[in-house]
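Report on the following structure.
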Amino acid sequence: EIVLTQSPDFQSVTPKEKVTITCRASQSIGSSLHWYQQKPDQSPKLLIKYASQSFSGVPSRFSGRGSGTDFALTINGLEPEDAATYYCHQSTSLPQTFGQGTKVEI
Amino acid sequence: QVQLQESGPGLVKPSETLSLTCTVSGGSISNYYWSWVRQPAGKGLEWIGRIYSSGSTNYNPSLQSRVTMSVDTSKNQFFLKLSSVTAADTAVYYCARAGALDIWGQGTMVTVSS
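Protein sequences, first through last, are from chains A and B.
Using the working numbering, the letters of the first sequence map in sequence onto residues 977 to 1082.
Using the working numbering, the letters of the second sequence map in sequence onto residues 528 to 641.
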């Protein structure tokens, strides 16, 4: 099973700040790494698919990069509505797995 | 646009079988993988498994002995059964359209308790 390790677990930030969350895979997963945002009592929402492809309707301040084992999600110019928990997810290898989550507090 | 809706009992007794349905509306279930994901309260996401519209399945080895997924393309529905449940199976259960999980249902809370 591929283990995804996110860093940090928690981040307290101010509006307009740039935030970077990293996700490291225990073995190479190519580019099949996806990022989700989950707000309390809501289902997760896809932000970035296949490492760097923005999902339809997602604000341009969200971007992703990486391949192989190291990935990052960047939020450029954090907005108050970006307070949420962010998860990475790999679909290369079965079982599919998720990172433990990064909570972003504003 | 495609929408997913989970349905099923919110309360299941220990040792019994949890049964959930995911109904796909606004599009066809055909030619896609469909996943189940669960989330215990205050915890992270766990991939349970996936089913292709043809009926082919892949399960998480941690649950494989207890999980069965099926699909009914005529009704645009797919199903999850989890047998011999315990309190550890208490969670919000989501269905989602797989590879990148681009569409999710709203989730349904299932509590395992006598």
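Glycine residues also receive a C-beta, built at the ideal position from the N, C-alpha and C atoms.
None of these values were measured; they are calculated from a predicted model.
With distances taken between CA atoms, Gln-1066 of chain A lies nearest to A:Gly-1075 out of A:Ser-1032, A:Gly-1075 and A:Asp-1058.
Residues of chain B whose Cβ lies closer than 7 Å to the Cβ of Leu-1022 of chain A are, in chain order, Ala-627, Leu-628 and Asp-629. Look at Glu-1057 of chain A here: in three-state DSSP terms it is helix. Using a Cβ-Cβ cut-off of 8 Å, Phe-1031 of chain A counts as an interface residue toward chain B, since at least one Cβ of chain B sits closer than that to its own. If you draw a straight line from the Cα of Arg-565 of chain B to the Cα of Val-539 of chain B, it is about 15 Å long.
DSSP links Glu-533 of chain B through a beta bridge to B:Cys-549. Taking the Cα positions, Val-1034 of chain A is about 42 Å away from Ser-542 of chain B.
In terms of Cβ geometry, Leu-545 of chain B and Cys-622 of chain B do not form a close pair [threshold 8 Å]. The residues Val-989, Pro-991, Lys-992, Glu-993, Val-995 and Ile-1082, in chain order, have a CB closer than 7 Å to that of Leu-1054 of chain A in the same chain once the five nearest residues on each side in sequence are set aside. DSSP, reduced to helix, strand and coil, places Ala-623 of chain B within a strand of the structure shown. Taking the CA atoms as reference points, Gln-591 of chain B sits about 14 Å from Ser-597 of chain B. With contacts defined by Cβ atoms closer than 8 Å, Thr-638 of chain B and Thr-617 of chain B form a contacting pair.
Looking at B:Tyr-579, B:Ser-555 and B:Leu-572, the one whose alpha-carbon comes closest to that of Trp-561 of chain B is B:Tyr-579. Cβ neighbours of Phe-605 of chain B within its own chain (closer than 8 Å, five residues either side excluded): Thr-548, Cys-549, Val-551, Ile-556, Trp-561, Ile-578, Met-596, Ser-597, Val-598, Asp-599 and Cys-622. One thing to note: Pro-1020 of chain A has its Cβ within 8 Å of the Cβ of Trp-631 of chain B. Counting only the Cα atoms, Ser-641 of chain B lies some 36 Å from Val-529 of chain B. Listed along the chain, the chain B residues whose CB falls inside 8 Å of the CB of Thr-981 of chain A amount to none; the nearest CB is some 12 Å away. Remark: C-beta atoms of Thr-1073 of chain A and Gln-982 of chain A do not approach each other more closely than 8 Å.
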